[in-house]
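Participant: Starting off with a structure, shown below.
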Amino acid sequence: DLDPIFVPHVLNELVHSPTQFVHTSGIWLFGDNQAITEASEPAAPEIVAWRIPIDQQVINSNVNTAIVAPAVVYGGQGGVTQLLAGDGSAPVPLVGDGRQHWTLVHVDDLAELYVRVLEKGAAVGYVIGASGENPTVREIAVSAGTYAPLIEENPDASRARLGAPFADALLQDQAATGEYAREAYDWAPSHGGWLTTDRA
């Protein structure tokens, strides 16, 4: 990742500029937490721990900044929810037992949030980009619609299959409402819910 080089360079260039700098972090940074807000302390798993000092640089800078921390993004192609989609030809392994929650946001709603943050100005810290929908991993897999059998894994099996750093992030139990983004930026996610709408 180029952030450790890119971010300090940009901050240095913008010290005497009114230009808004919107940095991207991520929801995994906040660890196991069923009530993630902008005031939550980071408790990052290994795979994203490197983000903490970079985010702190942004927060402590003398630049007009905001840090958007997206929830798990879905919509379009790719994304971690695709791990649970399968193709209908074989059983789909869950990550762990599937009881943990992932907090979600549609890619188009997230793009709208970035626009609003850029237009309105600095947040002085994090802006949680979450739609408020927090299904379990099992619910995500069931609603993906392949109708393939789902297989629970113990955490060590998920770590062996996906790699421990990635699996540990996916095993986190997380939920967020995105309330601050709605109130501060008049953001209104419009893509309905993962469990009830087309996710394309």
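Counting in the working numbering, the sequence shown runs from 57 upward without gaps.
Backbone N, C-alpha and C define an ideal beta-carbon position, used for all residues, glycine too.
No experiment lies behind these values; they were computed from the predicted model shown.
1. With distance defined between alpha-carbon atoms, name the residue in Q138, G201, I83, D165 nearest to I123.
2. Alpha carbons only, please: which of F77, V71, G131 is nearest the one belonging to G177?
3. Check whether the Cβ atoms of I214 and A127 lie closer than 8 Å to each other.
4. Using the beta-carbon count (16 or more within 10 Å), is A256 buried or exposed?
5. Give the secondary structure of V78 by DSSP, where H, G and I count as helix, E and B as strand, and everything else as coil.
6. State the Cα-Cα distance for the pair L85 and Q230, rounded to the nearest angstrom.
7. Suppose you measure from the CA of T93 to the CA of V148; what does that come to, to the nearest Å?
8. Determine, using beta-carbon pairs with one atom in the region 96 to 106 and one in the region 159 to 175, whether at least three such pairs fall under 8 Å.
9. Buried or exposed for H247, please, with buried defined as at least 16 other CB atoms from any protein chain shown within 10 angstroms of its CB.
10. Rounded C-beta distance between A113 and L67? I'm assuming under 8 Å.
11. Taking the continuous beta strand (DSSP E) assigned at P221, which residues delimit it?
12. Given that a residue counts as buried once 16 or more other Cβ atoms are within 10 Å of its Cβ, and exposed if not, what is A197?
13. Quick one: complete alpha helix (DSSP H) runs, 4+ long, within the region 107 to 135?
14. Taking just the CA atoms, how far does A141 sit from I195?
Facilitator: So, from the listed chains and residues:
1. Looking at the Cα atoms, I83 is the closest of the given residues.
2. If we check each option's Cα against that of G177, F77 comes out closest.
3. The question names Ile, yet the displayed sequence has Ser at residue 214. Cβ distance not < 8 Å, so S214 and A127 don't count as in contact.
4. Bear in mind that a pLDDT of 46 at A256, under 50, signals an unreliable position, so the number given afterwards is only what the model happens to contain. Under this definition A256 is an exposed residue.
5. Correct three-state label for V78: strand.
6. Each residue's Cα considered, the two are about 11 Å apart.
7. C-alpha separation (whole angstroms): 32 Å.
8. The answer is no - the region 159 to 175 does not touch the region 96 to 106, with fewer than three Cβ pairs under 8 Å.
9. Taking a 10 Å sphere around the C-beta of H247, we find 16 or more other C-beta atoms and assign the residue as buried.
10. With the sequence shown as reference, residue 113 is identified as Gln, and Ala is not the correct amino acid for it. That belief holds up - the Cβ atoms of Q113 and L67 are roughly 7 Å apart, short of 8 Å.
11. From DSSP, P221 is part of no beta strand (DSSP E) but of the alpha helix (DSSP H) over 220 to 226.
12. So A197 counts as buried.
13. With a minimum length of 4 residues, the continuous alpha helix (DSSP H) runs that stay inside the region 107 to 135 are 107 to 116.
14. The question names Ile, yet the displayed sequence has Glu at residue 195. Roughly 11 Å between the two C-alpha positions.
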